[in-house]
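Going by our numbering, the sequence shown opens with residue 372, and the numbers climb by one from there. Inspection log for the structure reproduced underneath, given as structure tokens.
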Amino acid sequence: MKKLNISSFDLKEQIFDPNTAGDRFTRVRFLARNGYQLIIGVGAGFAPAINQIAMEYPKTQFAIIDSEQVAMANVTTLSFDRNQGLFVAGAALALASKSGKVCFFADTKNAFSKSDIAMLGKGATYAKANTQIISKLSDEPKLTLPELLKQGCDQIFSTWDADDQVIRTIATANDLLPKNAVKTKVSGILPDQFFLNISAISNTYKNNPRYLTIKKRTDIAVEQVITSAYQERSMNEILPGAPGVYGKRYNLSNGGLQIEYVGPITNSARLSTITSAVRTGKIKLDSTGS
């Protein structure tokens, strides 16, 4: 925040266990009670707390990042276009798959799974019409993933975010294969699955199983909302499909959403054309925030 001449004394950062809803209420209310002018919560887990406390403190400005669940006049919503990311990821995985099978894995409680599967499949079949989409929802990755491998899945997109079981299970299976055998690759979403970065640089496995990540630039969102508040400007775009919710939805066009690849990209020219078409709107997708 140096360019805004904001000192560290003007900012208060609190990091705590993301699974404790009561703690969120306590800490957000503490910040509001003590006169902080802008309070930012990152992640959908903050939605109940911000929704309630924004009503209690209508003159305080709040922002929630990566959620579109709070429709309040004093709450700025900064979200990410999930469909753009999933479409391009589906196309990339289809072009990279040697078996012609793109697989999706998530836990049974993931609210986005149905739409994620549909959009991943849409991107995959756009890139290669005969691509087979296989999906599996399970709360037991170590038991379920071997089933997908037996079905010939060599490209798996996973939204499992509880721990790194998925990437570790695939990496372990890959290490048991003959040297020249086709290795399965795993893709996901950052920062939701932050452990993908940790596992990617680990020396535990012979082969890094990560292929790509959809990266939500939460750092850009935080910087922009702080800058807007400091300059007394509002971020009040109407977010399609989210009644009463205002702010900004980041996508491939405005740089708030990125696709990052690990290693060589298969059929990069074709993939670049598809990505550009999504970015410019030539491929029209319904905009849906995460």
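Backbone N, C-alpha and C define an ideal beta-carbon position, used for all residues, glycine too.
Residue range of the alpha helix (DSSP H) that includes residue i
| i | result |
| --- | --- |
| V537 | Q536 to D546 |
| G406 | Careful: G406 lies outside any alpha helix (DSSP H) and carries neither H nor E. |
| L491 | S484 to A498 |
| R641 | S639 to T651 |
| D589 | One detail in the question is off: residue 589 reads as Thr in this sequence, not Asp. Segment T589 to Y601, the alpha helix (DSSP H) holding T589. |
C-alpha distance - residue i paired with residue j, whole-angstrom precision
| i | j | result |
| --- | --- | --- |
| L519 | Y428 | 50 Å |
| S484 | T431 | 35 Å |
| I505 | F475 | 6 Å |
| V399 | A420 | 7 Å |
| G615 | I597 | 22 Å |
| E547 | I424 | In the sequence on display, residue 547 carries Leu and not Glu. Using only the alpha carbons, I get a separation of about 52 Å. |
| S468 | C524 | 8 Å |
| L508 | T540 | 16 Å |
| P549 | G634 | 20 Å |
| L656 | N405 | 43 Å |
| P517 | A613 | 38 Å |
| L623 | A444 | 27 Å |
| A434 | N625 | 19 Å |
| A498 | K556 | 18 Å |
| A392 | A495 | 37 Å |
| N551 | A463 | 22 Å |
| K653 | T646 | 10 Å |
| D532 | N422 | 24 Å |
| V593 | M606 | 12 Å |
| S323 | T584 | Outside the shown range of the chain, which is 372 to 661, sits residue 323, and nothing can be said about it. |
| A640 | A415 | 36 Å |
| N638 | T644 | 10 Å |
Cβ distance (whole Å) where residue i is taken to contact residue j below 8 Å
| i | j | result |
| --- | --- | --- |
| G627 | F451 | 6 Å |
| I630 | A460 | 7 Å |
| N454 | S658 | 7 Å |
| M426 | L457 | Rounded, the Cβ-Cβ distance is 34 Å, inconsistent with contact. |
| L514 | L642 | In fact, because the Cβ distance is near 33 Å, the residues do not count as touching under 8 Å. |
| K619 | L402 | No, K619 and L402 are not in contact; Cβ-Cβ is about 22 Å, not under 8 Å. |
| R588 | Y621 | 7 Å |
Among the options, nearest to residue i - alpha-carbon criterion
| i | options | result |
| --- | --- | --- |
| A500 | S486, V473 and D487 | V473 |
| Y617 | A415, G523, T447 and A403 | T447 |
| P662 | K493, Y497 and T479 | A query on residue 662 cannot be resolved here, the shown segment of the chain reaching from 372 to 661 and no further. |
| A600 | L508, L464 and I411 | I411 |
| D534 | T651, I560 and N545 | I560 |
| V409 | E603, T555, V441 and P549 | In the sequence as presented, Val is not what sits at residue 409; that position holds Leu. The option with the nearest alpha carbon to L409 is E603. |
| I436 | D563, N638 and V633 | D563 |
| Y582 | D487, I569 and I527 | I527 |
| N568 | Y632, A392 and A640 | Y632 |
| S486 | T530, L449 and S470 | T530 |
| V441 | A465, A648, V413 and P580 | V413 |
| Q503 | G471, D510, K493 and L466 | G471 |
| N579 | N545, K586, I609 and K587 | N545 |
Boundaries (first-last residue) of the beta strand (DSSP E) holding residue i
| i | result |
| --- | --- |
| T515 | No beta strand (DSSP E) contains T515, which is instead part of the alpha helix (DSSP H) from P512 to K521. |
| V557 | K556 to L561 |
| L508 | Q503 to L508 |
| I630 | L628 to Y632 |
| K480 | That residue, K480, is in no beta strand (DSSP E); it is neither H nor E in DSSP. |
| F528 | Q526 to S529 |
| R620 | Y617 to Y621 |
### Message
Runs of 4 residues minimum, wholly inside the region 423-477: which ones carry the alpha helix (DSSP H) assignment?
### Response
Scanning the region 423-477 from its first residue to its last, the whole alpha helix (DSSP H) runs of 4-plus residues come out as 453-467.
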